[in-house]
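Trainee: The structure is given below, and queries will be raised subsequently.
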Amino acid sequence: MTSSSISHSLLNAAFTGRLAVVGIGPGAAELLAPVVREELALAQDIVGYTTYVEMAGPFRAEQRVLDSDNRCEMDRARLAFALAAQGRRVAVVSSGDPGIFAMAAAVMEALEQSHDANWHAVELVILPGISAAQVAAARVGAPLGHDFCVLSLSDNLKPWTQIARRLELAAQADLVIALYNPRSVARPQQFAQALDLLGLYRTTTTPVVLGQNVGRPAEVVRVTTLGEIVPEQIDMRTVVIIGSSQTRLFPRLTGGNWVYTPRWYPELSKA
Ligand code: SAH
């Protein structure tokens, strides 16, 4: 940045707006943080994918909703900066947590790529939300109670070879694995490949949690095992938690099973 552009940005600093990237949680209003609710109430412009904007609403008549269905994430991020740089107070809405496979990274990338001093002078905040895996885990006990990792199975933004490599290494490392974007109609065979890879390192009795539409009216949470997974029960609105070698199941009084991964790990000598 040249000294003239810096002084330009300082001059404008008082006039630039605010951009908040907010996580609305899985959908249920009670799982949305009060700080996000307040940010949404104060926002002049709300930007996001229609489904999530509808979950975040309703909004008042004077609030502009730019629910840009046909825009890619980067276009949406740039739109939000353009509005905020004009002095608007903007909220970009993400489901779950905005930093987990969602809009916060796109917003950061748009800012890094921008040479517009007004964009850099925007007051930028990221407000966290409860992520899908946390909700699914909470419904059944504590499957994420020890070390775990989060992987997206979508190969829209990374090659399948990279996904397969990470899955295999995570399985070898005996991490509990939360899978996002697990299985789409367009690529059912990749989920089958993922199961084959996991089967090389985990027994068929490994507990598996399928959380579909968690925190939404259509919520279905199933506890199954690696050997008994029914792929047809898994879609893009499902988060899948694959247990580690330590993850345990036991019956709950109300039917079904509790699932948890103990805090402790067996001694090497006992493993
Ligand atoms: N930022 C989101 C994740 C977005 S990626 C979060 O933190 O939750 C989209 C994937 O998230 C979906 O394919 C699905 O695997 C998972 N997901 C998001 N919301 C969900 C919900 N309510 N129920 C189950 N899975 C969900």
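So the sequence shown is numbered by my numbering: it starts at -3 and just counts up by one.
Each residue gets a CB set at the ideal place from its N, CA and C atoms; glycine is no exception.
On the DSSP bridge assignment, give the partners of I237 in chain order.
Mentor: A174, V205
Trainee: Identify the residues that DSSP records as bridge partners of S180: which are they?
Mentor: For S180, which the question treats as bridged, DSSP gives no partner whatsoever.
Trainee: Could you name the residues of the same chain whose beta carbon sits closer than 8 Å to that of F187, not counting the 5 residues immediately before and after it, in chain order?
Mentor: L149, P178, R179, P227, I230
Trainee: Could you tell me which residues DSSP pairs with D303 in its beta bridges?
Mentor: Past the boundaries of the shown model lies residue 303; the chain is included only from -3 to 267, so the question cannot be answered.
Trainee: Grab me the residues of V32's own chain with a C-beta within less than 7 Å of its C-beta, minus the 5 sequence neighbours each way, in chain order.
Mentor: V18, G19, I20, L123, G125
Trainee: Does DSSP put H4 in a helix, a strand or coil?
Mentor: With a pLDDT of 49 at H4, under the threshold of 50, the modelled position of this residue cannot be trusted; read the value that follows with caution. Looking at H4 - three-state DSSP - the assignment turns out to be helix.
Trainee: If you draw a straight line from the C-alpha of Q158 to the C-alpha of L147, how long is it?
Mentor: Near 11 Å, if we compare the C-alpha coordinates of L147 and Q158.
Trainee: Using only the heavy atoms of the ligand SAH, determine whether one of them is closer than 6 Å to the beta carbon of S64.
Mentor: no
Trainee: Sorry if obvious, but does the Cβ on A128 come closer than 6 Å to a heavy atom of the ligand SAH?
Mentor: A heavy atom of the ligand SAH is found nearer than 6 Å to the CB of A128.
Trainee: Quick one: using the 10 Å Cβ neighbour count with 16 as the cut-off for buried, is V131 buried or exposed?
Mentor: buried
Trainee: By DSSP's criteria, W254 is part of a beta bridge. Which residues make up the other side?
Mentor: DSSP, once it has assigned bridges, lists F246 as partnering W254.
Trainee: How is S(-1) classed by DSSP in three states: helix, strand or coil?
Mentor: Confidence at S(-1) is low in this model, with a pLDDT of 45, below 50, so its placement is unreliable and the value that follows should be read with caution. It is helical.
Trainee: Under three-state DSSP, which class holds T220?
Mentor: strand
Trainee: For G252, does the count of other Cβ atoms within 10 angstroms reach 16, so buried, or fall short, so exposed?
Mentor: exposed
Trainee: Bridge partners of V210, per DSSP?
Mentor: Residue pairing from DSSP leaves V210 without any beta-bridge partner.
Trainee: Spell out a yes or no on whether the region 58 to 72 and the region 21 to 28 are touching, meaning 3 or more CB-CB pairs, one atom from each, closer than 8 Å.
Mentor: no
Trainee: Cα-Cα, which of L107, A129, H111 is closest to E119?
Mentor: L107
Trainee: Kindly give me the distance between the Cβ atoms of P268 and V255, rounded to whole angstroms, as I take these residues to be in contact under 8 Å.
Mentor: Any property of residue 268 remains undetermined from this structure, which presents the chain solely from -3 to 267.
Trainee: What residues match up with N144 in a beta bridge as DSSP calls it?
Mentor: Sequence inspection shows Phe at residue 144; the Asn mentioned does not correspond to that position. BP columns for F144 point to V172.
Trainee: Would you decide whether W260 is buried or exposed? Buried here means 16 or more other CB atoms lie within 10 Å of its CB.
Mentor: exposed
Trainee: Could you give the distance in angstroms between the alpha-carbon of R14 and the alpha-carbon of H111?
Mentor: Going from the Cα of R14 to the Cα of H111 covers about 18 Å.
Trainee: How long is the line joining the alpha carbons of V43 and S91, rounded to whole angstroms?
Mentor: So the two alpha carbons sit approximately 12 Å from each other.
Trainee: Hey, would you say the C-beta of S180 is under 6 Å away from at least one heavy atom of the ligand SAH?
Mentor: no
Trainee: Would A117 and V235 be called neighbours here (beta carbons separated by less than 7 Å)?
Mentor: no
Trainee: Count the other CB atoms within 10 Å of the CB of P94; is the residue buried (16 or more) or exposed (fewer)?
Mentor: buried
Trainee: Is the separation between the beta-carbon of A102 and that of A73 shorter than 7 Å?
Mentor: yes
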